[in-house]
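Q:
Residue numbers (my numbering): 9 to 134.
1. I'd like the span of the beta strand (DSSP E) that includes residue 69, first residue to last.
2. So within the stretch 73-111, which uninterrupted beta strand (DSSP E) runs reach at least 3 residues, ignoring any that extend past its ends?
3. Please determine, among 68, 82, 92, 117, the residue with the shortest C-alpha to C-alpha distance to residue 40.
4. Find the nearest neighbour of residue 22 within the set 54, 66, 28, judged by alpha-carbon distance.
5. Would you please state the rounded distance, in angstroms, between the beta carbons of residue 109 and residue 87? I believe it to be under 8 Å.
6. Measuring straight from C-alpha to C-alpha, what distance separates residue 71 and residue 130?
7. Where does the unbroken beta strand (DSSP E) through residue 129 begin, and where does it stop?
8. Where does residue 22 sit, in a helix, a strand or coil, going by DSSP?
9. Applying the criterion that 16 or more other CB atoms from any shown protein chain within 10 Å of the CB defines a buried residue, is residue 54 buried or exposed?
10. To which residues does DSSP link residue 34 through a beta bridge?
11. Quick one: is residue 36 buried, meaning 16 or more other Cβ sit within 10 Å of its Cβ, or exposed?
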């Protein structure tokens, strides 16, 4: 199971990479393996400001649809448009080409509420 130690995680299986005042967000390797082959990623909230834990979109796999939850409050400033043509990159490269959104987060103290790689491993039993 691939759980990079430099990233932060949520109990809802999103990963977060902090780059200055921007947070890059995707779903974890564990989440994509549980979902199976991903066929569509939808983000309906581009350029909207949302609170942490609000639904920002969905990921659709062959057998199921799963909500995506915002890990930090802020404005979604970018969607990975590459996922429109290649949603399977979430399966093949969840921490790279498979990133989903970028957030301009509004409350840096919320970062402390995210899980470390070790904390996330505890949740998934890895």
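The C-beta atom is built at its ideal place from N, Cα and C for all residues, glycine as well.
A: Reading it off the structure:
1. 63-69
2. 73-77, 82-87
3. 68
4. 66
5. 6 Å
6. 26 Å
7. No beta strand (DSSP E) contains residue 129, which is instead part of the alpha helix (DSSP H) from 125-132.
8. strand
9. exposed
10. 23
11. buried
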